[in-house]
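Notes follow the structure.
2 protein chains.
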Amino acid sequence: MSTSPPVGPSNPRIKSALRLRERKERDASGLTLVDGARELRRALEAGAEVVEAFVCETLLAGEDARVALDALGAGDVPTTTTTEAGLAKLAFGDRAEGLVAVVRAPSLGLTDLRLSVDPLILVIESVEKPGNIGAVLRSADGAGVDAVIAASPRTDLANPNVVRASAGTFFTVPMAAAASQEVLAWLRDRRIRVLAARVEGGSAYTDADLTGPLAIVVGAESEGLTDTWIGPEIEAIHLPMLGIADSLNVSVSAAVLAYEARRQRGGHTTGAD
Amino acid sequence: MSTSPPVGPSNPRIKSALRLRERKERDASGLTLVDGARELRRALEAGAEVVEAFVCETLLAGEDARVALDALGAGDVPTTTTTEAGLAKLAFGDRAEGLVAVVRAPSLGLTDLRLSVDPLILVIESVEKPGNIGAVLRSADGAGVDAVIAASPRTDLANPNVVRASAGTFFTVPMAAAASQEVLAWLRDRRIRVLAARVEGGSAYTDADLTGPLAIVVGAESEGLTDTWIGPEIEAIHLPMLGIADSLNVSVSAAVLAYEARRQRGGHTTGAD
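Chains A and B, in that order, are what the protein sequence lines are.
Going by my numbering, the residue at position 249 of the first sequence is 279; the numbering climbs one at a time, nothing skipped.
Going by my numbering, the residue at position 213 of the second sequence is 243; the numbering climbs one at a time, nothing skipped.
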């Protein structure tokens, strides 16, 4: 670590990193911000390219921070030590953990996805809130989903709040983003069966066959799925809503559906994925 | 509706209602704030006592707002029309829907809970974030859970952000709050079987018998359950985590477990609950 005195909010490196809060800067650079010790540790362990880091030594605490700092040192990542005000300028989470880093976002091309022989894919359509996308990634990680595909998303997946809400799974769950029509064509080409989760209609999800190569498509909360997901080869399923509300949070629906698929596939093991 | 001119942020009624953002004021009055057209509509439809309402006519839009306004009028609820700045002072959600109301919070005594003959109960222990409690209520509503019990909660359930995150199910899902030991004693008295969801150990939840009178206990994300939930009569279960993360969001775990219980109970119907 550097022995220069900690820098404050007006430091040019901080100002430069801060521009990654804007989508156009993220799109142009392919970079994003990671805030938090656990998130940065997971990024490093997943082999993400950490371009530079900002560390506030008086805020550092815990095992995750120690492991992340060691990995930054071992990887010769350029690191700027900051004052608490300097770090606060960059941080956006609700915890102050003394670590924010500039990291290369994963590739999001459909053609880059590597699937198992019997893939389980979650497709989320038109989702707008970064927090919901991050929460879906976290649920998908838990359920051992092969990939999460954002169909016609209304935000960029590299939004720092996606990373934050994903609890670091942003760097490990394979992801792609493309227009809904392209996603459907890609699934058809690979003979992956498509099940569209709708508020009403179709079978209850527990009556549907969720084994074999499968993509489950869930929509944004307010509107449900577009007509792209209606067709002779597409089976509609629904998640029974037994109370007064008409939908679940998208990360909750995704988890219930994916865990049921895992149950039907026989045993909660990751297999050869 | 009143014909007096709309009032601004310094209006004494607004200032008085604003005090309900503080827990001690909510505890003393038994009242809370409801922000949003859908939330207020659901409160009214559930028969909650709406003490007074604040309406900004230039922000009102949609079916939920219209239904809520009609019900306020029919119920002779004292209503103050506000300027946009007046309403903004009171509102706390991320949407501005022109409606904020002061509403009596439901009773939270264990003895007030009415259960079906074959109850499914979710117990959430030590949960701190109001948004997580609201999200659990929404999941519980969807899965047709009989009641949600907050064991040794770290926030008050009447926090306006609980109401907001619950998508209005705060007013319809039966709730109680008590110390963990009291909750366990209450469950034992009623011969309700207790299953404690832990990160590791016990059976996979899909191998456990989730039929019959049952309480499923889930903990706060950071720490898991306290030792109250270890004992000869308490069965440990776990939700397999197939990725890198060590836990799911508590509302996601609650939904996966409750929907699996519904599946095992045979058919996704609310029955005679």
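Beta carbons are placed, not taken as given, at the ideal position from N, Cα and C, and that holds for glycine.
Query                                                                                                                                                                 : Result
Would B/R72 pass as an interface residue toward chain A - the criterion being a Cβ-Cβ separation below 8 Å?                                                           : yes
Taking B/R228 and B/H268 to be in contact with their CB atoms under 8 Å, please state how far apart those CB atoms are, rounded to whole angstroms.                   : 6 Å
Spell out whether any CB of chain B is found under 8 Å from the CB atom of A/N189.                                                                                    : no
For the alpha helix (DSSP H) that B/G161 lies in, which residues bound it at each end?                                                                                : P160 to G172
Within 8 Å (strictly less), CB to CB, does A/G77 reach chain B?                                                                                                       : no
Just reading off the beta strand (DSSP E) that A/V280 is part of, what are its end residues?                                                                          : Premise fails: A/V280 lies in the alpha helix (DSSP H), V280 to Q294, not in any beta strand (DSSP E).
With a threshold of 8 Å between beta carbons, is B/T300 in contact with chain A?                                                                                      : Annotation note: pLDDT 42 at B/T300 (below 50); position unreliable, coordinate value reported separately. Chain A contact via Cβ: present.
Using a beta-carbon distance cut-off of less than 7 Å, what residues from the stretch 270-290 of chain A approach chain B?                                            : P270, M271, L272, G273, I274, A275, L278, N279, S281, V282, A285, V286 and Y289
Can you tell me the Cβ-Cβ gap for B/W39 and B/G116, rounded? I've got them flagged as a contact below 8 Å.                                                            : As written in the sequence, residue 39 of chain B is Pro, which differs from the Trp given in the question. Confirmed, about 5 Å.
By Cβ distance, which residues of its chain are closer than 8 Å to A/V37, with the 5 residues on each side in sequence left out?                                      : R43, I44, T110, T111, T112, T113 and G116
Between the Cα of B/A180 and those of B/A58, B/V280, B/G242 and B/G92, spot the shortest distance and give me the residue it belongs to.                              : B/V280
I want to see whether chain A comes within less than 8 Å of B/R293, judged by CB atoms only; does it?                                                                 : yes
Quick check on A/A209: does DSSP put it in helix, strand or coil?                                                                                                     : coil
Which residues in the same chain as B/T241 place their Cβ atom closer than 6 Å to its Cβ, once the five residues preceding and following it in sequence are excluded? : Q294 and R295
If I follow the unbroken beta strand (DSSP E) through B/V181, where does it start and stop?                                                                           : In the sequence as presented, Val is not what sits at residue 181 of chain B; that position holds Ala. Looking at the DSSP string, the run of the beta strand (DSSP E) that includes B/A181 is A177 to A181.
Using CA atoms only, rank isn't needed, just tell me which of B/E158, B/A234, B/A177 and B/G105 is closest to B/L272.                                                 : B/A234
Pull up the distance between the alpha-carbon of B/E155 and that of B/D257, whole angstroms please.                                                                   : 11 Å
For B/V132, which residues from the same chain have a beta carbon less than 6 Å from its beta carbon, with the 5 sequence-adjacent residues on both sides left out?   : A47, L61, V81 and E82
Distance, Cα to Cα, A/A121 vs A/G232?                                                                                                                                 : 45 Å
On a CA-only basis, which of B/R184, B/V166 and B/T185 is nearest B/D176? Give me that one, please.                                                                   : B/V166
Given this structure, state the Cα-to-Cα distance separating B/L255 from B/A226, to the nearest angstrom.                                                             : 8 Å
Pair every Cβ in the stretch 143-158 of chain B with every Cβ in the stretch 284-294 of chain B, then say whether three or more of these pairs are closer than 8 Å.   : yes
With distance defined between alpha-carbon atoms, name the residue in B/D237, B/A207, B/L278 and B/G66 nearest to B/V193.                                             : B/G66
Per DSSP, what kind of secondary structure is A/L143 in: helix, strand or coil?                                                                                       : coil
Mind listing which residues of the stretch 191-206 of chain B have their C-beta closer than 8 Å to chain A's C-betas, in chain order?                                 : A197, G198, T199, T202 and V203
Which residues in chain A have a C-beta closer than 9 Å to the C-beta of B/G174? List them in chain order.                                                            : P270, M271, L272 and G273
Of all the CB atoms in chain A, is at least one closer than 8 Å to the CB of B/A165?                                                                                  : yes
If we cut at 8 Å on Cβ distances, does A/A169 have a partner in chain B?                                                                                              : First, the amino acid is wrong: residue 169 of chain A is Ser here, not Ala. True, the Cβ-Cβ gap to chain B drops below 8 Å.
Is B/G161 near the ligand SAM, going by C-beta to nearest heavy atom under 7 Å?                                                                                       : Ligands in the displayed structure: none, and consequently the ligand SAM is not present.
Beta-carbon within less than 6 Å of A/L90's beta-carbon, same chain only, minus the 5 sequence neighbours each way: which residues are those?                         : G128
Around the Cβ of A/A209, are there at least 16 other Cβ atoms within 10 angstroms (buried) or fewer (exposed)?                                                        : exposed
Indicate whether A/L145 and A/A206 have their beta-carbon atoms separated by less than 8 Å.                                                                           : no
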